[in-house]
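The structure appears below as structure tokens.
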Amino acid sequence: MTDDDREGRLYRISIPGLTDGASVMPRAQLCNPIGDNSEETEIRIKPGDRVWVAFEGGDPRFPVIVGFRPKNQENGIDWRRFFHANFQFNADSTFEIIANTKVHVKTQTALIEADNAHCTGNLTVDGLLTFNGGMQGKGGAGGGPAMIVSGGAAFSEDVVAAGTSVHGHGHIEQGDGARVSNPVA
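Counted the way the working numbering counts, the sequence shown spans residues 907 to 1091.
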């Protein structure tokens, strides 16, 4: 089979025993599965793909591609793969991915546009974590600290710890109450 008119969903096909020696191969329409209307989705068929055909009214001049034909050897097992230039999934309510072991997303850029995102387990980031809208958190179970940093931390502005400005407070001597250090700022 060869590409002929992808937008029109028309393809030139060869049929052993019927098209042998023909100079022009018949044009076959594609039979899209229910739910895959041709205005919104293209089922990729590549030149050389093996397909099953039926004929409108039994007339071999009007072939219809009804499915892919397996090669009966060396077929993939335990995987379902889709190949196309672009994919879009639209759900009126919920789109759910359930995997018992792992979901692996591999791309140069991943963009999540959501008013709220919730992660119920641990989250590990191996690269730089950048946030632009602030950060807020609380300690975990058992009353432990909300954050533990191994290594230094740099702040371009003041840090407030338990209501006390790290940058703007001084120290008072325990005995006579005299100031032993002035605020930094």
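For glycine and all other residues, C-beta sits at the position ideal for the given N, C-alpha and C.
Here the structure is a predicted model, which means the values were calculated and not measured.
For residue 1072, same chain residues with a beta-carbon under 6 Å away, outside a window of 5 residues either side, are 1065 in chain order. The Cβ atoms of residue 969 and residue 959 sit closer than 7 Å to each other. Between the alpha carbons of residue 1076 and residue 993 lies a gap of roughly 60 Å. Proximity to residue 951 across 914, 929, 925 and 982 peaks at 914, based on C-alpha coordinates. If one requires a minimum length of 3 residues, the beta strand (DSSP E) runs lying completely within the stretch 968–1030 are 969–974, in chain order.
For residue 1068, the secondary structure class from DSSP, reduced to helix, strand or coil, is coil.
The C-alpha of residue 989 is placed about 21 Å away from the C-alpha of residue 1017.
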